[in-house]
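Chains as they are written, first to last, in this note's numbering: chain A, 93 to 494; chain B, 227 to 650.
Right, here's the structure in full:
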């Protein structure tokens with residue numbers, strides 16, 4: 093206490109100077125602090141932008157996205173759309189986006205399946221399977237994902253045989269160190285009927301499920317929805333496929349010289365990235381699933397059994413819906429992680445966004461600023477979209493409270 | 227057989243039946259309790275039988291530990307070729323740190339282990355000095371590892387200024403605020419004086435080692451430890467900022483956190499390595515390792531902030547209100563009431579973020595820093611040792627597994643120690 097009189101609390105306030113009065117007023121202080129913060133933030137951004145402009149001008153680069161229209165002059169071996177070295181950087185970016193989406197979506201699917209299996213194994217009463225799952229999860233979680241990717245890639249490239257001594261898988265597919273070669277389907281016109289039937293089956297299953305639920309609500313009659321849907325989606329198209337005389341030609345890969353020609357090939361880079369990302373994320377999802385199922389109190393199961401509900405329906409109608417509420421939020425952040433971790437593709441040469449526009453295009457054009465803005469913007473959009481979808485889903489399954 | 231007669235209630239306790247006790251009971255309950263369980267056990271046994279012997283043979287019995295190159299390895303045995311690792315052990319540990327100066331790294335590592343033990347082990351003797359040691363270690367480590375005149379000048383200036391300022395604070399001035407200003411003045415003057423003197427005289431105790439020589443496990447530890455120690459306080463500040471009721475601060479924090487969490491670390495490292503100099507005043511440039519450290523810390527702090535926010539939200543509002551009612555200001559209320567509870571709740575998440583940061587440090591290979599993985603990849607390019615990727619990656623994986631598993635175990639121990647509720 094500097095002036096010795098400031099003991100009396102409120103009574104001593106008028107004796108202080110205006111500045112300290114302002115500072116001791118809660119509302120005034122919050123305004124001051126915010127104004128200072130705003131000035132600092134704006135100042136920081138302004139200095140960054142002016143510095144960037146000055147620096148870019150000094151080396152004569154400028155800032156424009158015109159380079160996107162120029163030919164890219166490099167090849168991309170794994171692509172989902174038409175692309176050659178004369179295509180533009182913009183086209184290369186599209187190839188990269190599709191490759192990222194491909195590995196992210198297939199990774200999400202495989203990781204979810206594996207993760208749920210792991211979670212259930214971790215809950216199993218069988219000591220041996222429980223411990224195997226535990227060892228797997230601990231090993232995977234404590235080692236960087238980049239190492240997993242490189243390890244799987246290294247194993248594929250160095251341990252799988254050369255095309256000459258390829259491992260045949262099934263009929264007409266081959267596993268080699270240059271990738272997984274498999275027959276490419278060339279559909280005839282009648283095949284579209286089969287594909288149409290498949291989609292018709294999907295639509296039918298959707299509406300049938302709705303109708304069956306309505307009937308059950310009204311009358312209590314339960315239809316075997318799962319089996320009827322399965323028949324509509326799978327059995328009918330398969331029967332049609334054979335009835336129409338298998339209207340698909342297969343372009344099988346054949347060994348010519350040192351490599352396979354024809355058919356389809358999944359490159360080792362994709363397989364390595366896909367498997368490693370899925371195995372890695374599955375370990376995390378496994379723990380999430382385990383925690384989610386454990387979070388449903390045992391009384392719920394007991395109550396359901398006491399009502400005479402069968403074990404399967406107890407799981408389906410009582411345990412899983414409640415567990416999902418716990419599982420979904422952390423699960424969505426794992427899906428985000430897969431998408432972001434897919435950028436590690438760079439390390440093994442899978443051409444995703446980071447490797448195309450943020451890698452080779454960046455190096456060839458020297459436009460770091462523009463390329464990195466595009467790459468970061470794309471990842472931000474993907475992240476926001478996944479979190480929006482997951483928030484929507486989370487809201488849909490949320491417990492309706494008062 | 228003559229059967230002995232017992233009065234009712236006097237029969238001695240019999241041992242439980244053979245099948246209901248000991249290992250037999252355990253096996254029956256845990257491995258063979260039902261048909262599905264039996265099937266699972268058999269399947270798991272088969273799986274282990276298929277995997278374990280092969281892996282064991284590859285790693286140990288069929289492995290080569292001494293050889294000159296890959297071909298010799300393959301000629302000697304069919305399994306792993308650890309000779310490669312053995313030959314490059316030093317590279318994997320120190321990177322290109324000058325051979326004559328490596329004792330400095332070893333001393334720093336020993337000091338690091340000692341500090342960690344002092345900080346984390348509750349029964350360690352001399353624990354009352356843990357704050358002093360914890361504050362001194364970073365400076366000593368910086369001095370030992372980087373060395374050189376300008377580093378030493380800065381550290382010396384800081385240390386001398388601190389001591390002088392302390393004495394000034396003790397002796398001079400009649401009231402608190404005068405003491406504070408006097409000691410601040412003394413601090414600044416002494417710091418500038420010592421720094422100029424030291425650099426002008428060119429004094430140097432340890433040779434300067436430039437940071438691009440750093441590599442191997444040493445680099446991983448530097449990035450990991452720096453990131454971990456700095457990201458926690460920064461994360462706490464960001465989390466408090468996000469919870470703040472001052473809208474500008476709140477939205478600034480939200481914007482920062484969501485941006486960092488929305489992009490992969492690789493892209494941020496790219497920015498640090500190629501673009502950061504654009505955003506600085508023309509002509510300025512600073513050390514790549516320092517830029518990487520800043521980026522990694524910022525990245526981890528955004529995740530840390532979200533973890534801590536979860537903890538803050540879990541602290542009942544009544545706690546803050548009670549602190550208000552006691553007349554505590556925002557700072558003490560947070561420091562003494564809210565944060566201890568919030569941090570305790572978020573320990574698992576915090577340690578997970580630490581582990582994530584530590585693991586993410588391998589990503590620095592994409593911008594050309596030589597962490598163990600980078601050393602491994604560079605070594606694999608050597609034609610003498612081509613194709614040994616599995617050995618290299620497994621070796622690095624074991625290093626990460628051991629350190630991350632240790633962190634996770636300590637976190638579990640800490641959770642148990644701080645658990646004050648009733649265990650069910």
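For glycine and all other residues, C-beta sits at the position ideal for the given N, C-alpha and C.
Span of the alpha helix (DSSP H), counted from its first residue to its last, around residue i
i, result
"residue 432(A)", "412-433"
"residue 309(A)", "283-311"
"residue 356(A)", "No alpha helix (DSSP H) contains residue 356(A), which is instead part of the beta strand (DSSP E) from 356-358."
"residue 473(B)", "473-488"
"residue 455(A)", "453-457"
6 Å Cβ shell around residue i - same chain, five flanking residues per side excluded
i, result
"residue 167(A)", "177"
"residue 172(A)", "190"
"residue 290(B)", "299, 302, 303, 307 and 309"
"residue 452(B)", "519"
"residue 247(B)", "none"
"residue 584(B)", "450"
"residue 330(B)", "370"
"residue 259(B)", "none"
Counted within 10 angstroms of its Cβ, other Cβ atoms place residue i as buried (16 or more) or exposed
i, result
"residue 263(B)", "buried"
"residue 295(A)", "exposed"
"residue 245(A)", "buried"
"residue 270(A)", "buried"
"residue 355(B)", "exposed"
"residue 459(A)", "buried"
"residue 307(B)", "buried"
"residue 297(B)", "exposed"
"residue 488(B)", "buried"
"residue 279(B)", "exposed"
"residue 105(A)", "With a pLDDT of only 47 at residue 105(A), under the threshold of 50, the placement of this residue in the model should not be trusted, and no figure is reported."
"residue 463(A)", "buried"
"residue 479(B)", "buried"
"residue 429(A)", "buried"
"residue 468(A)", "buried"
"residue 435(A)", "buried"
"residue 237(B)", "exposed"
"residue 334(B)", "buried"
"residue 140(A)", "exposed"
"residue 308(A)", "exposed"
"residue 471(A)", "buried"
"residue 572(B)", "buried"
Simplified DSSP state of residue i, which is helix, strand or coil
i, result
"residue 496(B)", "helix"
"residue 431(B)", "coil"
"residue 229(B)", "coil"
"residue 642(B)", "helix"
"residue 573(B)", "helix"
"residue 216(A)", "coil"
"residue 248(A)", "helix"
"residue 180(A)", "strand"
"residue 508(B)", "coil"
"residue 259(A)", "strand"
"residue 596(B)", "strand"
"residue 238(B)", "coil"
"residue 243(B)", "coil"
"residue 157(A)", "coil"
For residue i, the first and last residue of its enclosing beta strand (DSSP E)
i, result
"residue 351(A)", "351-353"
"residue 343(A)", "340-343"
"residue 268(A)", "265-268"
"residue 276(A)", "276-279"
"residue 347(A)", "346-348"
Anticipated Cβ contact below 8 Å, residue i with residue j, distance rounded
i, j, result
"residue 495(B)", "residue 521(B)", "6 Å"
"residue 599(B)", "residue 239(A)", "7 Å"
"residue 279(A)", "residue 340(A)", "6 Å"
Same chain, Cβ closer than 8 Å to residue i, neighbours up to 5 away in sequence not counted
i, result
"residue 243(A)", "368"
"residue 101(A)", "Here residue 101(A) scores only 44 on pLDDT, less than 50, and its place in the model is too uncertain to base an answer on."
"residue 377(B)", "368, 369 and 434"
Sequence-distant residues of its chain with Cβ nearer than 7 Å to residue i (five each side left out)
i, result
"residue 634(B)", "577 and 581"
"residue 484(A)", "none"
Proximity test, Cβ basis, 9 Å: residue i and chain E
i, result
"residue 500(B)", "In summary, chain E is missing from the structure at hand, where the protein chains are A and B."
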